[in-house]
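Residue numbers (this note's numbering): -10 to 479. No residue lacks a Cβ here, since even glycine has one placed at the ideal position from N, Cα and C. Worksheet: the structure to be examined is printed underneath.
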C-alpha cells in the first residue's frame, strides 16, 4: 500500500468512499482499463476490498490522504462517494490542501444543488475544479452502467469525459452521460430525476391499488398485468420492478411478500428538495407534490388505523365494471399521468436553467435517462424527439406528438379517476396529473376571483382583460358592492 511509485505507475483515477456505491463505481472504472487509487476513513476497509477483488485488478490501496493524492497522476481525477451534507464539506476541507491546480473533484452523492454551487465556487477560488454529478441506477447501475448527470466547469467535464463515457450505461442513442451545465446543474438534474421517480412510484402504487382492491385481482394476477404492460408502450424499469415485486413470495408465510410489508413509505429528501425548488421558481409540479404528500400520509399509520374505524366510508372499495375493460383504462391513464410527471420535471429543469444560466439541453437529459437510471422508459424516446423538434418547447404536453397522445387517453383517464373516487380508493397523483393537464389547457381559469379577493382585502391590484398590457390597478370594491350594471364578459 505504498505511494512511492514511478509516475508511469500512478493511478489514472481516485475513489474516496467504499460503501456499496463507491465499491461498485471503483470496480466499474477499473473494468474499463483504468488504474484506480482507493481511500476511505474506515481503517482496513481498503485492504479488505482489495483482498476480495481479483488479484489482477489495477487497484492502488492507500492508508492516508497524503498517500492517496500522491498515488494519482496529474491532473488528478477524484470521485467522492460519501454521505451528502456535512461529510462532503469535511472531506473537501481535508482533501483540497493536498491537491494541485487543475485537479478535478467529483461529488457523486445526492447533494443539494445549492451546496454544490457553494462548493464549486469555493474550490474554483483555490484553482481546483469541482463537479457535482448525479448518479442513478442503484448498486447494479453503479457496477455495470449508471446514468450520469455531471455539472461544473466544462473543462473539468472534458477531463473526466473518457472515464464517464466508459462507465455509463449505453443505449442506441449513445452513452448515458452528458455535460448538464455549470455549478449545480448536474445535481439539480438528479434531484428532478428523483422527483419524477416519486411521481412514477406513486402512480404505479395507485394503479396497483385499483387492480387489487378495486378489481379484486390477486398479487400474482396483478404481477401478470404489469409484466404484460412492460412489453408495450409502458415499458420501463419501474413497471418491470413492480411485476417482479408482486410475484415474490414470503419465505416465512408463503404469502405474497408485498402483503407482508407495512404500508409506510420512506423518503430521503430529494423529493422534498424538488418540491421546494419548484415553489422557489414558481413551477407547478402537482404530480410530484401529491406523491410526496402520499408518502407523508402513509407514515401516519396509527392515525389512519384509528380514522378507518371512526370514519367509515359509504364506498365499497370495489371498482364497478368489467375487469378486462377497466384494466385497459388503467393502462392508458397511467401512461398519460406518467407523461405529465415527465412534463412537470422537464418544465422545472427549463425554468431553473434559465434562472441560473445553465443552458441545459433537455433533449440530452431525456437521452441520458433512457438507460441506467430508475426512470428509464420507452416514453423517453418520444420525449427526446419532442425536444429535438423544439428545443425551447415550454411544456412537453405542447409537443405535436405528445399532446394528441394525451387527448387519446383522456376518456380512459377520466373514467379511471371517476372509478377510483366512486370506490373510495385514493388516487392523488393520478387525479393531480389530470388536473394539471386540464388546467394547462384552460384558457380562462377561476383565479380571476382569487385576484379580485386579493385586491379586495389587501390592495394587491390586478390587470384587466381588455387592457392586459396596462398598469396594474386597484379598486375600491366596497364602493361597487351591490351596484347594478351590465356584467362584463370574461
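Item	Value
For residue 166, the nearest candidate out of 138, 114 and 272 (CA to CA)	138
Spatial neighbours of residue 310 in its chain, beta-carbon cut-off 6 angstroms, leaving aside the 5 residues before and after	none
For residue 380, three-class secondary structure by DSSP	coil
Distance, residue 299 Cα to residue 350 Cα	52 angstroms
Distance between beta carbons of residue 417 and residue 312, contact taken as under 8 angstroms	Not confirmed; about 24 angstroms, so no contact.
Chain-order list of residues whose beta-carbon lies under 8 angstroms from that of residue 2 (same chain, five-residue window excluded)	18, 23, 24, 25, 26, 61, 66, 67, 68 and 152
Close Cβ partners of residue 461 (< 7 angstroms) along its chain, the five nearest in sequence each way excluded	450, 451 and 452
Per-residue DSSP class, three states only, for residue 356	helix
Buried versus exposed call for residue 319 [16 or more other C-beta atoms within 10 Å across all chains shown]	buried
Boundaries (first-last residue) of the alpha helix (DSSP H) holding residue 101	Unbroken run through residue 101: none, as it is neither H nor E.
Supposed close pair residue 306, residue 201 - CB separation, criterion 8 angstroms	About 10 angstroms separates the two Cβ atoms, so there is no contact after all.
Outcome for residue 438 when other beta-carbon atoms lying within 10 angstroms are tallied against a minimum of 16	exposed
At least three beta-carbon pairs within less than 8 angstroms, the region 336 to 347 to the region 177 to 184	yes
Counterpart residues of residue 439 in DSSP-defined beta bridges	Partner(s): none; residue 439 has no beta bridge.
Backbone secondary structure at residue 28 - three-state DSSP	strand
Expected contact under 8 angstroms - CB spacing of residue 276 and residue 422 to nearest Å	5 angstroms
Spatially closest choice to residue 394 from 326, 42, 87 and 240, by CA coordinates	326
Extent of the continuous alpha helix (DSSP H) run through residue 514	It is not possible to answer for residue 514, since the shown part of the chain is limited to -10 through 479.
Alpha carbon of residue 41 to alpha carbon of residue 371, nearest angstrom	43 angstroms
Nearest-angstrom Cα separation, counted from residue 101 out to residue 164	25 angstroms
Cα-Cα separation between residue 98 and residue 293, rounded to whole angstroms	35 angstroms
For residue 197, the three-state DSSP class (helix, strand or coil)	helix
Own chain residues within Cβ distance below 7 angstroms of residue 106, not counting five before or after	172 and 173
DSSP-derived helix/strand/coil call for residue 65	coil
Rounded separation between residue 34 and residue 52 - CA only	10 angstroms
Those residues which DSSP pairs with residue 137 across a bridge	124 and 166
With 16 other Cβ atoms within 10 Å as the buried cut-off, status of residue 117	buried
Neighbourhood of residue 95 by C-beta, 6 angstroms cutoff - its chain only, sequence neighbours within 5 removed	68, 120 and 122
Separation of residue 149 from residue 63, as counted between CA atoms	13 angstroms
Presumed contact (8 angstroms Cβ cut-off) between residue 136 and residue 360, rounded CB distance	7 angstroms
Bridge partner(s) assigned by DSSP for residue 456	453
Among 212, 158 and 239, nearest to residue 230 - alpha-carbon criterion	212
Start and end residues, beta strand (DSSP E) containing residue 258	Neither: residue 258 is in no beta strand (DSSP E) and is coded neither H nor E.
Rounded C-alpha distance that separates residue 382 from residue 348	14 angstroms
Best match in 111, 374 and 428 for proximity to residue 86 [C-alpha to C-alpha]	111
Per-residue burial, residue 58 [other beta carbons within 10 Å of its own, 16 or more giving buried]	buried
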